[in-house]
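Enquirer: This is the structure I want to talk about, given as structure tokens.
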Amino acid sequence: PRVAVVVVAAGSGTRLGAGAPKAFVGLDEHTILRHALRGVFAGPRAQVVVVAPDGREGDALTDVLEAAGARRDLASVVTGGATRQGSVAAGLAAVWPDVDVVLVHDAARALVPPEVFARVVDAVEEGLPGVVPVLPVIDTIKRIEGNAVQAAVDRSQLAAAQTPQGFRRDILDTAYAVADEEFTDDAALVAAAGHPVYVVDGDPLGFKITTPADLERARSLVHPVAP
Ligand code: CTP
Ligand code: MG
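First residue of the sequence shown? That's 7 in UniProt numbering, and the numbers climb one at a time after it.
Have a look at this one:
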């Protein structure tokens, strides 16, 4: 394929505090990783590289093989690093030579619909160097200094970034090769290397499972309680 998706799942889930690496916490009978992979494999045909915590590669492979179906030949598992950026770099090293569009996706965004993957791939294939799915910011945001409100922030100039974020493969590889600090996301890393990044519509289901409340929300969406 000309497209690859790097799914980073090597984090420990400190804020979730569920007693296991976050990707292996259950939503229903399936893990967060397995749910994330359902969306990935229902999206455009792509190589899929899952980045797993050191020692949990076998568990990741189990989820991959169950989720991949007929696409299992396109999937592989590699070992992650100490930071998300290190884990993405490990995944990028496993991307096949013929790939020219790479998406980077958080396994913790387990419920992203397949259409978002398609939207991001289409935007990069149409020529954009980098693309981020975003949602409008709903809350009123204040710039503060200490306990003082400094200024109103114009909400129309803000957006909340999600994943999958998609990039031209050459640009992403080069940006990772020259990165000399930790960036908050791949879009920031690519922007720091001098490339413009654009937005496409994200999806409310693209929220990241970070806290126990997020986990409850994801579980209720997967397994709605009858009224
Ligand atoms: N991630 C990773 N390798 C790391 C750290 C994070 O692959 N060393 C991945 C996580 O598995 C997750 C995504 O990056 O899918 C977003 O990170 P985050 O939500 O912060 O997950 P954790 O780092 O696991 O959570 P916490 O920060 O609460 O420990
Ligand atoms: Mg983290």
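Backbone N, C-alpha and C define an ideal beta-carbon position, used for all residues, glycine too.
Give me the Cβ distance between GLN91 and GLU188, rounded to the nearest whole Å; I'm assuming they're in contact under 8 Å.
Expert: Residue numbering aside, residue 91 sits at position 85 when the sequence shown is read from its first letter. Residue numbering aside, residue 188 sits at position 182 when the sequence shown is read from its first letter. Correct: roughly 6 Å between the Cβ atoms.
Enquirer: In the DSSP assignment, find the unbroken beta strand (DSSP E) run with HIS201 in it and report its ends.
Expert: Locating residue 201 in the sequence shown gives position 195, counting from the first residue. From DSSP, HIS201 is part of no beta strand (DSSP E); its letter is neither H nor E.
Enquirer: Could you give the distance in angstroms between the alpha-carbon of VAL143 and the alpha-carbon of VAL137?
Expert: Residue numbering aside, residue 143 sits at position 137 when the sequence shown is read from its first letter. Residue numbering aside, residue 137 sits at position 131 when the sequence shown is read from its first letter. C-alpha separation (whole angstroms): 18 Å.
Enquirer: On a CA-only basis, which of LEU39, ARG51, VAL94 and VAL84 is nearest ARG77? Give me that one, please.
Expert: Within the sequence shown, numbered from 1, the residue matching residue 77 stands at position 71. Of the candidates LEU39, ARG51, VAL94 and VAL84, the one whose C-alpha sits nearest the C-alpha of ARG77 is ARG51.
Enquirer: What is the C-beta distance between VAL107 and VAL9, in whole angstroms, given that I count them as a contact (C-beta under 8 Å)?
Expert: Here residue 107 refers to the residue found at position 101 when the sequence shown is read from its first residue. Here residue 9 refers to the residue found at position 3 when the sequence shown is read from its first residue. About 5 Å separates the two Cβ atoms, so the contact holds.
Enquirer: Name the DSSP bridge partner or partners of ALA157?
Expert: Indexing the sequence shown from 1 puts residue 157 at position 151. BP columns for ALA157 point to ARG149.
Enquirer: Check this for me: beta carbons of ALA42 and VAL84, under 9 Å apart or not?
Expert: If you number the sequence shown from 1, residue 42 lands on position 36. If you number the sequence shown from 1, residue 84 lands on position 78. Going by C-beta atoms, ALA42 is not nearer than 9 Å to VAL84.
Enquirer: Thinking C-beta only, is ALA114 closer than 9 Å to THR37?
Expert: Counting from one through the sequence shown, the residue named residue 37 turns up at place 31. Counting from one through the sequence shown, the residue named residue 114 turns up at place 108. Contact: no.
Enquirer: Just how far apart, CA to CA, sit GLN171 and LYS148?
Expert: If you number the sequence shown from 1, residue 171 lands on position 165. If you number the sequence shown from 1, residue 148 lands on position 142. Cα-Cα distance, rounded: 27 Å.
Enquirer: Tell me the DSSP bridge mates of ARG174?
Expert: Taking the sequence shown and counting its residues from 1, the one referred to as residue 174 is at position 168. According to DSSP, which records beta bridges pairwise, ARG174 is partnered with VAL107.
Enquirer: Taking the CB atoms as reference points, tell me whether ALA29 and ALA16 lie closer together than 9 Å.
Expert: Along the sequence shown, one-based indexing puts residue 29 at 23. Along the sequence shown, one-based indexing puts residue 16 at 10. The answer is yes: Cβ separation under 9 Å.
Enquirer: Nearest-angstrom Cα distance between ALA157 and THR146?
Expert: In the sequence shown, residue 157 corresponds to position 151, counting from 1. In the sequence shown, residue 146 corresponds to position 140, counting from 1. Cα-Cα distance, rounded: 11 Å.
Enquirer: For GLN53, list the residues DSSP reports as bridge partners.
Expert: For the purposes of this step, residue 53 is taken as the residue at position 47 of the sequence shown. Answer is ALA10, bridged to GLN53.
Enquirer: Quick check: the Cα distance between VAL155 and LEU195, rounded to an integer number of angstroms?
Expert: Reading the sequence shown from its first residue, position 149 is the one you call residue 155. Reading the sequence shown from its first residue, position 189 is the one you call residue 195. One C-alpha to the other measures close to 30 Å.
Enquirer: Can we count LYS148 as close to the ligand CTP, meaning its CB is less than 8 Å from some heavy atom?
Expert: Your numbering for residue 148 matches position 142 in the sequence shown. Because no heavy atom of the ligand CTP lies under 8 Å away, the Cβ of LYS148 does not count as near it: no.
Enquirer: Is any heavy atom of the ligand MG found at a distance shorter than 8 Å from the C-beta of ARG44?
Expert: Here residue 44 refers to the residue found at position 38 when the sequence shown is read from its first residue. Every heavy atom of the ligand MG is 8 Å or more from the Cβ of ARG44, so no.
Enquirer: Leaving out five residues before and five after ALA185 in sequence, what residues of the same chain have Cβ atoms less than 8 Å from its Cβ?
Expert: The residue labelled residue 185 in the question sits at position 179 within the sequence shown. Closer than 8 Å at the Cβ level, and outside the excluded window around ALA185, lie GLN91, LEU195, ALA198 and ALA199.
Enquirer: When you compare each of LEU117, ALA26 and THR169 to ARG225 by their alpha carbons, which one comes out closest?
Expert: Looking up residue 225 in the sequence shown gives position 219. Of the listed residues, the one whose Cα sits closest to ARG225 is LEU117.
Enquirer: Leaving out five residues on either side along the sequence, give the residues of the same chain with a beta carbon under 7 Å from the beta carbon of ARG62.
Expert: Start at 1 with the first residue of the sequence shown, and residue 62 comes out as number 56. Hits under 7 Å: PRO27 and PHE30.
Enquirer: Is ASP220 helix, strand or coil when you go by DSSP?
Expert: For the purposes of this step, residue 220 is taken as the residue at position 214 of the sequence shown. Residue state, collapsed to three classes: helix.
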